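2 protein chains.
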Amino acid sequence: MVEDEKKIAETLRKGLTEQHYEVDVAYDGAIGKKLFDANTYDLAILDINIPLMNGYELARHIRSYNEEILVIMLTAMSATEDKIEGFEAGADDYIVKPFDFQELLVRIRALLKRLHHQPAAGSNILKVGDLVMNLDSKEVSREGRNIPLTAKEFQLLEYFIRNKNKVVSRIDIAMNVWDIDFDTKTNVIDVYVNFLRKKIEKDFSSKLIYTQVGMGYVLKENS
Amino acid sequence: MVEDEKKIAETLRKGLTEQHYEVDVAYDGAIGKKLFDANTYDLAILDINIPLMNGYELARHIRSYNEEILVIMLTAMSATEDKIEGFEAGADDYIVKPFDFQELLVRIRALLKRLHHQPAAGSNILKVGDLVMNLDSKEVSREGRNIPLTAKEFQLLEYFIRNKNKVVSRIDIAMNVWDIDFDTKTNVIDVYVNFLRKKIEKDFSSKLIYTQVGMGYVLKENS
DNA sequence: AAAACGGTTTAATTTCATTTTAATCGGTCC
DNA sequence: GGACCGATTAAAATGAAATTAAACCGTTTT
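So the protein lines, in turn, are chains P and A.
For the first sequence, counting from 1, position 5 maps to 5 in the numbering used here; every step adds exactly one.
For the second sequence, counting from 1, position 81 maps to 1081 in the numbering used here; every step adds exactly one.
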């Protein structure tokens, strides 16, 4: 939850915790972004008018990184244009203040029931074919064989997996895995893709990372 | 859509049809139930106070039959208890009348994007006849057969598809696909149209790209 | 404090696909 | 026939990606 009005934030945090949800709270967009980048969440509750980075931008950042995460906008702005902008930024719901806590609760439940839960409930595991990534233990394996990755390699592979079957451009990767906005002259990404390929493809039968010249890279299972 | 106020029903039906949604309308709950039992829908829009079977019951009926179908409650009842009952009956969203049609639209889109994990209206797949272009995976296929395209070929085809049935001049193409403003002496466009024709027409039964001498090119389905 | 180390980034080189140019061919309209 | 317009082809130019080595940087070890 990203909410700068501490009183509201505290009330919601308390209410949600009582309902056995685990909640992290940030009071500004920059901290919210950092929390999001460092953790794996199911759902985000975002105020729009918050310091440093507004809710729309934050929603867009979240969406560009992961389509699955649910986003609820929570704001005093009730105009239709604001709602539209919220949904266009990727929100799943938009609630206007003041609101009843019970309503927030049922709306959260309605969204969560649509969330595709990963197999092996509770444990954070991502899979593509025979490639398995454990987000808790940070272990990666293929055909059961363990593959040690460095931090950056792991982040890059995680980004690929979360966007499997989708061509991601170098700019997408630069923004989401590194924190560079625009830097034509670096080739870190190419180098790291090369590192990854050596580790997750070289001693195995099938390819995983394909390059689309002039477009970017895709991680996919076959052909 | 189940809505007994015919004026509202008609307005919404028209608006949604314009957005290329296919809509069936019932004016009471009993007919609504019969329609659901006989068809396969993606989403239901339900008024609550409707004759013969109210919206809550109908929502429960739909839910008991199919968890996947998305349900939006559309009603004048704005009390939190009503909303809670709506969500408990299985609704995915609850909109209070009067509301802005645009808001309904973005809420529908927000829900549909969660469905099937894949496309709905306003999504990332473009089609013309049996030609399918996936903007995420950057894959293009005809008759189910995959057709690899280079970046420029892909951009050019995308431009044609987005302007289907419209004659686009070489200048239009030059400005939108290449970034050249005016350059009489290059024939890149002709060459690329030729590349495209070889890939997307040569081994298939019907033409797609037609030349309008002195005007430009059109992409269209038949004749 | 210096050295060693693992990880990350930069830079330079090689390789190769894509893009563009340019020349030729074929048909159509005066 | 000649001029015009587009289609087609091959060759040349360009630029993107892979690969390698070396520099850099922060942390830990000596």
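Using N, Cα and C, we set each Cβ at its ideal position, and we do this for glycine too.
The structure displayed is predicted, hence computed values, not measured ones.
For A:A1009 and A:V1023, the rounded distance between their alpha carbons: 11 Å
Cβ-based burial, A:N1222 [other Cβ within 10 Å; buried from 16]: With fewer than 16 other Cβ atoms from the protein chains shown falling within 10 Å of its own Cβ, A:N1222 counts as exposed.
Neighbour flag for A:G1122 against chain P, beta carbons, 8 Å: At A:G1122, the pLDDT of 41 sits below 50, so the modelled position is not reliable; the number obtained from the coordinates is stated separately. So no, A:G1122 is outside the interface.
C-beta atoms of A:Y1192 and A:L1149 nearer than 8 Å: With contacts defined by Cβ atoms closer than 8 Å, A:Y1192 and A:L1149 do not form a contacting pair.
P:L70 - containing alpha helix (DSSP H), residue span: It is not in any alpha helix (DSSP H) - P:L70 instead sits in the beta strand (DSSP E) that spans 70 to 75.
Which of helix, strand or coil DSSP assigns to A:Q1019: A:Q1019: coil per DSSP, three-state reduction.
Chain P contacts from the segment 1095 to 1106 of chain A (Cβ-Cβ distance under 8 Å): D1100, Q1102, E1103, V1106
Terminal residues of the alpha helix (DSSP H) in which P:T211 lies: Note, P:T211: premise wrong, no alpha helix (DSSP H); beta strand (DSSP E) at 209 to 212.
Proximal chain P residues relative to A:S1137, where beta-carbon distance stays under 7 Å: Among the residues of chain P, those whose CB is under 7 Å from the CB of A:S1137 are N165, K166, V167, V218, following chain order.
Close beta carbons around P:A174, own chain, < 6 Å, minus the five adjacent residues each side: I180
Contact list for A:D1092 against chain P, beta-carbon separation under 9 Å: Taking a Cβ-Cβ cut-off of 9 Å, the neighbours of A:D1092 in chain P comprise A110, L111, K113, R114, given in sequence order.
Distance, A:I1062 Cα to A:G1090 Cα: 9 Å
Candidates P:N165, P:D172, P:E3, P:E143: closest to P:S205 by CA position: P:E143
Cβ-based contacts, 8 Å cut-off: residues of the segment 181 to 215 of chain P near chain A: Q212, V213, G214, M215
Cα-Cα separation between A:R1162 and A:L1219, rounded to whole angstroms: 9 Å
Segments assigned alpha helix (DSSP H), at least 4 residues, entirely inside the segment 73 to 100 of chain P: 80 to 88
Any C-beta of chain A under 8 Å from that of P:I84: yes
Distance between P:F154 and P:I48 (C-alpha atoms, nearest Å): 32 Å
Whole-number beta carbon distance between P:L16 and P:L70, since they are thought to touch under 8 Å: That belief does not hold up - the Cβ atoms of P:L70 and P:L16 are roughly 14 Å apart, past 8 Å.
Assigned exposure category for P:Q212 - 16 Cβ within 10 Å defines buried: Residue burial is scored here from C-beta neighbours: P:Q212 has at least 16 other C-beta atoms within 10 angstroms and is therefore classed as buried.
Length of the line joining the Cα atoms of P:A44 and A:G1029: 36 Å
Beta-ladder partner(s) of A:L1046, from DSSP: A:V1002, A:M1073
Which of helix, strand or coil DSSP assigns to P:R145: Assignment of P:R145 by DSSP, reduced to helix, strand and coil, places it in the strand class.
DSSP state of A:K1138 mapped onto helix, strand, coil: coil
Pairwise C-alpha distance: A:R1145 and P:E3: 49 Å
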